[in-house]
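For the sequence shown, the residue numbers in numbering that gives the first Met the number 0 are 0 to 419. Have a look at the structure below before the remarks.
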Amino acid sequence: MNKTYVVICGFADVVAGGPIYYRNKIIYMEAQGWNVVVIPTSGGKKVLIQGMERFLGPYIPFILDMPSEYSKKQRRKLVDIFERFIPQNQDEVVIETGTDYTCYWGEALAERIGAKHIVIFLDEQNERVDEKVIEFYEFKYARREMACITNEVMQHFFKGYMDLQLDECRSLACCCHNSIEDYEHPLIKQIERSEYNIGYIGRLEKPFIPPIIQGFINFAEKHSDSAITVVFFGGAFEQKTIDRIKAQFEPLQNVRLIITGYLFPLPLKALKKIDVFVSGAGSSLTAAKAGVRSVMIDMLSYETLGLMLDYEFKEYAKCPLGNTVSDYLEWILVKQNAPAPLPQNYENDWLFIKEKFAEHIQFMENSVPTKEYYDMEKLGVSKKRRWKRFFRTLLGLKIYNGLHNAEARFLLWKAGLSHA
Numbered sequence: 000m001n002k003t004y005v006v007i008c009g010f011a012d013v014v015a016g017g018p019i020y021y022r023n024k025i026i027y028m029e030a031q032g033w034n035v036v037v038i039p040t041s042g043g044k045k046v047l048i049q050g051m052e053r054f055l056g057p058y059i060p061f062i063l064d065m066p067s068e069y070s071k072k073q074r075r076k077l078v079d080i081f082e083r084f085i086p087q088n089q090d091e092v093v094i095e096t097g098t099d100y101t102c103y104w105g106e107a108l109a110e111r112i113g114a115k116h117i118v119i120f121l122d123e124q125n126e127r128v129d130e131k132v133i134e135f136y137e138f139k140y141a142r143r144e145m146a147c148i149t150n151e152v153m154q155h156f157f158k159g160y161m162d163l164q165l166d167e168c169r170s171l172a173c174c175c176h177n178s179i180e181d182y183e184h185p186l187i188k189q190i191e192r193s194e195y196n197i198g199y200i201g202r203l204e205k206p207f208i209p210p211i212i213q214g215f216i217n218f219a220e221k222h223s224d225s226a227i228t229v230v231f232f233g234g235a236f237e238q239k240t241i242d243r244i245k246a247q248f249e250p251l252q253n254v255r256l257i258i259t260g261y262l263f264p265l266p267l268k269a270l271k272k273i274d275v276f277v278s279g280a281g282s283s284l285t286a287a288k289a290g291v292r293s294v295m296i297d298m299l300s301y302e303t304l305g306l307m308l309d310y311e312f313k314e315y316a317k318c319p320l321g322n323t324v325s326d327y328l329e330w331i332l333v334k335q336n337a338p339a340p341l342p343q344n345y346e347n348d349w350l351f352i353k354e355k356f357a358e359h360i361q362f363m364e365n366s367v368p369t370k371e372y373y374d375m376e377k378l379g380v381s382k383k384r385r386w387k388r389f390f391r392t393l394l395g396l397k398i399y400n401g402l403h404n405a406e407a408r409f410l411l412w413k414a415g416l417s418h419a
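Written out as structure tokens, the structure reads:
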């Protein structure tokens with residue numbers, strides 16, 4: 000039986016939880032006998048996550064546009080581009096998307112080829128979801144074809160539209176914490192032993208990073224007579240993000256700041272040089288599995304959840320001094336009466352991941368078996384997007400994209416859309 004699993008995602012020029020999750024999912028699905036196809040959504044030049052190199056190539060330049068921004072004729076031609084990635088004569092095709100823009104094109108492609116389309120949201124916050132498009136997600140929820148990374152995230156997702164109890168929500172673990180390896184790296188020597196070594200793991204654009212940075216700064220200012228090393232294990236899409244963080248720490252004479260940039264896998268010995276990490280989601284689990292104290296930030300409120308006491312995100316030790324990041328650093332580093340770190344456990348990551356991905360298969364099998372697709376014409380669009388549709392229809396894709404994006408124009412022309 001020919002089975003193809005299609006993932007529509009971006010992965011080039013970045014190290015982040017999403018691409019690491021997709022790498023893991025691809026390995027797992029191929030081991031289960033699926034042929035995996037990746038449709039890239041960005042045109043990066045480098046792959047920083049080993050195993051994804053083979054998927055680098057042609058990509059979808061219009062992925063951020065909504066299908067309803069195009070006329071039916073133009074939309075058919077754009078879906079043609081997606082379809083060219085799919086092998087012929089498949090007995091079963093499943094498409095997975097994970098963002099509030101890829102999901103619409105995933106649905107359009109699924110309808111074209113008669114595939115099942117599963118939406119597994121990777122982000123805690125989805126700002127593009129509003130009353131104009133919520134009906135699409137209600138449709139996917141009713142068909143049991145939508146999940147989030149936690150039940151709480153799904154409850155928040157539908158807040159104001161559907162009153163879901165937590166036990167009515169659906170979530171799947173999108174494992175991305177298996178990013179540790181015990182190997183030699185110059186960073187290990189670069190991280191010097193200070194009185195206090197504090198760390199963060201993850202991309203530097205995350206919406207919850209400002210309170211983390213402020214907590215680090217508040218702690219450093221309070222202990223201005225102590226040498227402190229602060230290490231950000233992560234990078235940013237734009238240099239200005241890194242420059243802004245450096246500027247925030249520059250006045251602190253007692254702080255040595257290290258920003259590693261994108262780094263995969265993470266060297267175990269470098270992580271071990273940190274006394275405590277403050278991170279979010281899967282990154283907090285990565286730190287805990289390295290055997291280092293890990294304080295987790297809530298992905299919805301951006302407040303401190305607590306010091307991790309297990310690997311399942313179920314138990315946390317609460318700081319008796321308060322709930323700010325600075326309070327937790329004071330409790331763990333100065334008072335030194337916080338619970339001990341969890342045992343190092345990253346070696347068993349893949350067994351755990353396989354168990355969680357088996358739940359993904361079960362979720363897929365429990366979805367509504369009959370095929371039905373959302374009508375893209377019903378997707379609401381903003382006034383700005385309506386104007387885009389008007390001018391695309393008036394001018395055609397070749398002229399419109401020629402005025403706005405030379406690269407997109409070239410790719411569309413190459414795909415045979417110059418007279419759309």
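Cβ atoms here follow ideal geometry from the backbone N, Cα and C, with glycine treated the same way. These figures come from a predicted structure and were not determined experimentally.
Only counting the same chain, and skipping five residues up and downstream in sequence, which positions put a Cβ closer than 7 Å to that of residue i?
i: K413; result: With a pLDDT of 48 at K413, under the threshold of 50, the predicted position of this residue should be treated as unreliable, and no value is reported.
i: E329; result: F218, L320
i: P210; result: Y301, V324
i: A269; result: H184, L186, I187, I190
i: M51; result: F10, P18, R22
i: S225; result: E194, Y195, N253
i: E314; result: L308
i: S223; result: N253
i: L332; result: Y195, D274, V275
If we cut at 8 Å on Cβ distances, does residue i have a partner in chain C?
i: E91; result: The chain inventory of the structure shown lacks chain C, comprising one protein chain alone.
Residue range of the beta strand (DSSP E) that residue i falls in?
i: K158; result: K158 -> no beta strand (DSSP E), and no H or E assigned at all.
i: Y4; result: 2-8
i: V275; result: 275-279
i: P18; result: Element bounds for P18: not the beta strand (DSSP E) but the alpha helix (DSSP H), 16-30.
i: T149; result: First-last for T149: undefined, no H or E at that position.
i: Y199; result: 195-200
i: V254; result: 254-258
i: V39; result: As written in the sequence, residue 39 is Pro, which differs from the Val given in the question. Start and end: 34-39.
i: V229; result: 227-232
Tell me where the alpha helix (DSSP H) around residue i begins and ends.
i: I434; result: Because the chain is modelled from 0 through 419, residue 434 falls outside the range shown and cannot be assessed.
i: L421; result: Residue 421 cannot be examined here, being either before or after the span of the chain that is shown, 0 to 419.
i: G214; result: 208-221
i: R243; result: 238-248
i: P185; result: 185-189
Taking residue i as the reference, give the member of the options with the closest Cα.
i: Y160; options: K44, V128, I187, G260; result: V128
i: G290; options: T40, I85, D309; result: D309
i: P250; options: L262, K271, E220; result: E220
i: T40; options: F236, S67, F81, E237; result: F81
i: V5; options: G16, A246, I25; result: I25
i: Q31; options: E52, I38, K2; result: K2
i: E420; options: T96, L163, K239; result: A query on residue 420 cannot be resolved here, the shown segment of the chain reaching from 0 to 419 and no further.
i: L55; options: I62, L63, I38; result: I38
i: F207; options: M295, F156, G16, I257; result: M295
i: I227; options: I216, G234, A235; result: I216
i: P86; options: W33, P342, E106, Q124; result: W33
i: D242; options: Y136, I257, F312; result: I257
i: Y58; options: K71, A107, K44, K272; result: K44
i: G260; options: Q252, A235, S293; result: A235
i: N347; options: K288, P338, T303; result: K288
i: N365; options: H116, L304, V229; result: H116
i: E180; options: T303, T285, F362, K131; result: T285
i: E311; options: S283, C318, A141, R142; result: S283
i: Y103; options: V275, D90, Q89, F120; result: F120
i: M0; options: D90, K71, K245, V367; result: D90
i: L203; options: Q238, F84, R169, I197; result: Q238
Which same chain residues end up closer than 6 Å to residue i when comparing Cβ atoms and leaving out the 5 residues on each side of it in sequence?
i: P18; result: F10, I48
i: H184; result: P266
i: E151; result: none
i: L402; result: For L402, the pLDDT reaches just 45, beneath the cut-off of 50, and the residue's location in the model is therefore unreliable, leaving the point undetermined.
i: G16; result: C175, G281
i: L163; result: Q154, F157
i: F231; result: Y199, I258
i: A316; result: G305, L306, L308, P338
Excluding five sequence neighbours on each side, which residues of the same chain lie with their C-beta closer than 8 Å to the C-beta of residue i?
i: W349; result: N177
i: K353; result: Y27
i: F263; result: V14, I19, L47, I48, Q49, S178
i: T101; result: I7, C8, T40, I62
i: I360; result: Q31
i: K205; result: G279
i: K355; result: L171, A172, C174
Note to self: Threshold first: 4 residues or longer. Then list the alpha helix (DSSP H) segments lying entirely within the region 93-136, N to C.
What the structure shows: 101-112
Next item on the list: Output the residue ranges of the beta strand (DSSP E) runs that lie fully inside the region 266-348 and measure 3 residues or longer, sorted by chain position.
Entry: Listed in chain order, the complete beta strand (DSSP E) runs (minimum 3 residues) inside the region 266-348 are 275-279, 292-296, 303-307.
Check: Should the region 65-73 be regarded as contacting the region 102-117, the criterion being three or more beta carbon pairs within less than 8 Å?
Finding: yes
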